[in-house]
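Take a look at the structure below.
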Amino acid sequence: EAGVTQSPTHLIKTRGQQATLRCSPISGHTSVYWYQQALGLGLQFLLWYDEGEERNRGNFPPRFSGRQFPNYSSELNVNALELEDSALYLCASSLSFPLHFGNGTRLTVT
Amino acid sequence: GIQVEQSPPDLILQEGANSTLRCNFSDSVNNLQWFHQNPWGQLINLFYIPSGTKQNGRLSATTVATERYSLLYISSSQTTDSGVYFCAVEGPMGDYKLSFGAGTTVTVRA
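Note that the protein sequences, when read in sequence, are chains B and U. Positions 1 to 110 (the numbering used here) are the ones given, in order, by the first sequence. Positions 1001 to 1110 (the numbering used here) are the ones given, in order, by the second sequence.
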């Protein structure tokens, strides 16, 4: 069974640009979660999507947004990139608990 | 929100040694997971353990929910056990939002 897959593995953007990160959940999972792991800040909850709807949101500005598609895959969009957005972005999926994480996308903003 | 404290922050072990990692949380929890993050950033699910005791090979975990703590035991440590171990909990709201501790960095020396 394939795990959670994320793309791209690495992404380099310039301040002010937009970044799009993608996540495919484990087959059968309807929920997708996004977490940010920034240096010195630990793992922080960003967004939770279930059945195509945003169900919960962490303490992040509106320029962090996303969506979930009918096939349950998900996109995370970060607009107007700032240097402090540089981080490892981890996607997880589940039907309920436990959550299963992908390998992450490392975003570098220069 | 719920606070998660992990101890010790750093642990250096000789190969073959045993160790105990601790996770304290500030409120009742609905769910609890232990993860291992390897040097490449992969977050691997070790245990889903909101209560009770589980074992998987050389690893075992115990959660005493009424006393608000969980323990992860590593026996006969190997160099591949090196990495960061995270405890993550879902608080009493049941909002599918995992709050992570700061992690314990384990280094196993040959």
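Beta carbons: idealized from backbone N, C-alpha and C, even for Gly. If you're wondering where the values come from, they're calculated on a predicted model, not measured in any experiment.
| Item | Value |
| --- | --- |
| Could you give the C-beta distance for glutamine 1033(U) and leucine 99(B), rounded to a whole number, given that I count them as a contact under 8 Å? | 7 Å |
| Beta-carbon within less than 7 Å of glutamine 1014(U)'s beta-carbon, same chain only, minus the 5 sequence neighbours each way: which residues are those? | Arg1109 |
| State the beta-bridge partners of arginine 22(B) as determined by DSSP. | Ser7(B), Glu75(B) |
| In its own chain, which residues sit with a C-beta less than 7 Å from the C-beta of histidine 1036(U), not counting the 5 before and 5 after it? | Ile1044, Leu1046, Gly1083, Tyr1085 |
| Could you give the distance in angstroms between the alpha-carbon of asparagine 1018(U) and the alpha-carbon of isoleucine 1074(U)? | 6 Å |
| Going by alpha carbons, who is nearest to proline 61(B) out of Phe69(B), Thr108(B), Gln36(B), Gly52(B)? | Gln36(B) |
| Less than 6 Å between the CB of glycine 102(B) and some heavy atom of the ligand ADP, yes or no? | In the structure on display, the ligand ADP does not appear, and there are no ligands present to speak of. |
| Can you grab the Cα-Cα spacing for the pair isoleucine 26(B) / isoleucine 1049(U), in whole Å? | 21 Å |
| Rounding to the nearest angstrom, what Cα-Cα distance links threonine 1104(U) and proline 1008(U) in this structure? | 6 Å |
| Report yes if the C-beta distance between serine 1099(U) and valine 1029(U) is below 7 Å; otherwise report no. | no |
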